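Trainee: Structure incoming, see below.
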Amino acid sequence: MKASVLQRSRITRYGGSFPSLSAFLLSPSLTPADVETADVRGSGTFTPSDGGFALNYREEESGISVTVTKSGDTLTVTRAGGTLTFRIGARTAFEYRTLYGSLPTEAYTEVISVQEKGSTRLLTLIYTAVFGGMAQKNEMRFKITL
Numbered sequence: 442m443k444a445s446v447l448q449r450s451r452i453t454r455y456g457g458s459f460p461s462l463s464a465f466l467l468s469p470s471l472t473p474a475d476v477e478t479a480d481v482r483g484s485g486t487f488t489p490s491d492g493g494f495a496l497n498y499r500e501e502e503s504g505i506s507v508t509v510t511k512s513g514d515t516l517t518v519t520r521a522g523g524t525l526t527f528r529i530g531a532r533t534a535f536e537y538r539t540l541y542g543s544l545p546t547e548a549y550t551e552v553i554s555v556q557e558k559g560s561t562r563l564l565t566l567i568y569t570a571v572f573g574g575m576a577q578k579n580e581m582r583f584k585i586t587l
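Here our numbering = 1-based position in the sequence shown + 441.
In structure tokens form, the structure reads like this:
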């Protein structure tokens, strides 16, 4: 079915150098160094399945294709060829691909939730990632209107 998407992101970056996700999570004092927010709109398709869904859309401004799939407690986001996999309460490791190269990344997923309100789906993803010695907490909220 057709879908319009509003993806709202909030990224909180932390100062300091963190060699691993464990070093960040065990750090006694964390001070945010920078907070960035962004809204991205797109349109595409939403396909429900047993225990999950597939969302495929194209970002309006950039024209980049995004695929979000949920199956059980796992969420996969593919954007511009890079794939991020998240599992609730678990650490995952992956290569985060950018225009400038790949970075080994480790993430800890706190929240993956989906709420249904009539013809709207609200997807929330909250995770902490460490890559290149930098740490950031990411909150992504997708409003999917069918």
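Beta carbons: idealized from backbone N, C-alpha and C, even for Gly. This one's a predicted model, so the numbers in the text were calculated from it and none came from an experiment.
Could you tell me which residues DSSP puts in a beta bridge with Leu563?
Mentor: In DSSP, Leu563 forms a bridge with Gln556, Lys584.
Trainee: May I have the straight-line CA-CA distance separating Ser470 from Gln556, to the nearest angstrom?
Mentor: Their backbone Cα atoms lie some 33 Å apart in a straight line.
Trainee: Among Ile553, Ala521, Leu462, which one has its Cα closest to the Cα of Ser503?
Mentor: Ranking Ile553, Ala521, Leu462 by Cα distance to Ser503 puts Ala521 first.
Trainee: Between Glu551 and Ala534, how many whole angstroms is the CB-CB distance? I'm expecting something under 8 Å.
Mentor: So it is not a contact: roughly 17 Å between Cβ atoms.
Trainee: Threshold first: 3 residues or longer. Then list the beta strand (DSSP E) segments lying entirely within the segment 469-546, N to C.
Mentor: Within the segment 469-546, the complete beta strand (DSSP E) runs of at least 3 residues are 473-490, 493-500, 506-512, 515-520, 523-528, 532-539.
Trainee: Under 9 Å, do Leu467 and Phe527 count as touching if we go by C-beta distance?
Mentor: Result no, Cβ atoms of Leu467 and Phe527 do not sit closer than 9 Å.
Trainee: Mapping the DSSP letters down to three states, classify Leu467 as helix, strand or coil.
Mentor: Three-state result, Leu467: coil.
Trainee: In this structure, what does DSSP give as the bridge partners for Ser445?
Mentor: Per DSSP, Ser484, Thr586.
Trainee: Return yes when the Cβ of Phe494 is within less than 9 Å of the Cβ of Thr517, no when it is not.
Mentor: No.
Trainee: Looking only at DSSP bridge pairs, what is Phe459 linked to?
Mentor: Answer is none; Phe459 lacks a bridge partner.
Trainee: Is the CB-CB distance between Leu447 and Val476 below 9 Å?
Mentor: No. Outside cutoff.
Trainee: Is the beta carbon of Ser543 less than 9 Å from the beta carbon of Ser484?
Mentor: The answer is no: Cβ separation not under 9 Å.
Trainee: Between Gly559, Tyr541, Leu587, which lies nearest to Gly573 when the distance is taken from Cα to Cα?
Mentor: Ranking Gly559, Tyr541, Leu587 by Cα distance to Gly573 puts Tyr541 first.
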